[in-house]
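*Asks:* Pasting in a structure now, in structure tokens, and then I'll have a few things to ask.
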């Protein structure tokens with residue numbers, strides 16, 4: 428697991444842009460963290476880093492936004508309102524897993540049992556002040572075993 432500290436929204440977006448360089452088609456990225464912790468800000472950098480020009484917004488009401496570039500596609504899910512398996516199926520989430528795109532899911536706490544093996548976990552939390560964020564990135568068991576280190 429890797430741990431980063433950002434001190435502004437710009438730094439959080441920049442970290443997303445850097446992170447995008449290691450993303451591959453078919454990756455599933457699960458975001459964990461409360462309201463206002465920088466998930467959508469990180470997404471803005473991720474989209475830019477994937478070479479996609481788009482106005483990134485949280486898909487709270489649409490449940491999924493599609494960002495399409497010349498070479499890559501990213502599906503951005505918001506699982507905030509997902510409470511049951513039926514809710515999750517209604518999003519089409521499982522169908523998107525079979526695409527050749529990057530999937531990024533905010534509020535993955537709500538679908539943790541449905542996340543595929545090899546999923547990339549990113550946990551956002553408050554740092555020492557209002558603008559500081561601690562961002563931890565890892566995969567599956569590696570992430571769970573090392574959380575809090």
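In our numbering, the protein residues as written are 428 to 576.
Note that CB positions come from ideal geometry on N, CA and C, so glycine has one too.
Remember, predicted model here, so these are calculated numbers, not experimental data.
Going straight from the alpha carbon of residue 474 to that of residue 483, what length do you get?
*Replies:* 8 Å
*Asks:* Specify the secondary structure class of residue 539 as computed by DSSP and reduced to three states.
*Replies:* helix
*Asks:* Run through DSSP, which three-state label would residue 587 get?
*Replies:* Since the displayed the chain opens at 428 and closes at 576, residue 587 lies outside it and no answer follows.
*Asks:* What is the rounded straight-line gap between the Cα of residue 527 and the Cα of residue 451?
*Replies:* 9 Å
*Asks:* Go ahead and label residue 522 buried or exposed: buried means 16 or more other beta carbons lie within 10 angstroms of its beta carbon, across all protein chains shown.
*Replies:* exposed
*Asks:* For the stretch 433-441 against the stretch 538-549, are there 3 or more C-beta pairs whose distance is under 8 Å?
*Replies:* No: the two stretches stay apart, fewer than three of their Cβ pairs being nearer than 8 Å.
*Asks:* Tell me the start and end of each unbroken alpha helix (DSSP H) in the stretch 441-510 that is at least 4 residues and wholly inside, in chain order.
*Replies:* Listed in chain order, they are 466-476.
*Asks:* Indicate whether residue 439 and residue 478 have their beta-carbon atoms separated by less than 7 Å.
*Replies:* no
*Asks:* Smallest Cα separation from residue 449: which of 493, 529, 502 and 505?
*Replies:* 529
*Asks:* Going by other Cβ atoms of all chains shown within 10 Å of its Cβ, with 16 needed for buried, is residue 572 buried or exposed?
*Replies:* Residue placement at residue 572 is flagged as unreliable, the pLDDT there being 46, under the threshold of 50; a coordinate-derived value is accordingly withheld.
*Asks:* In whole angstroms, what separates the C-alpha of residue 507 from that of residue 456?
*Replies:* 15 Å
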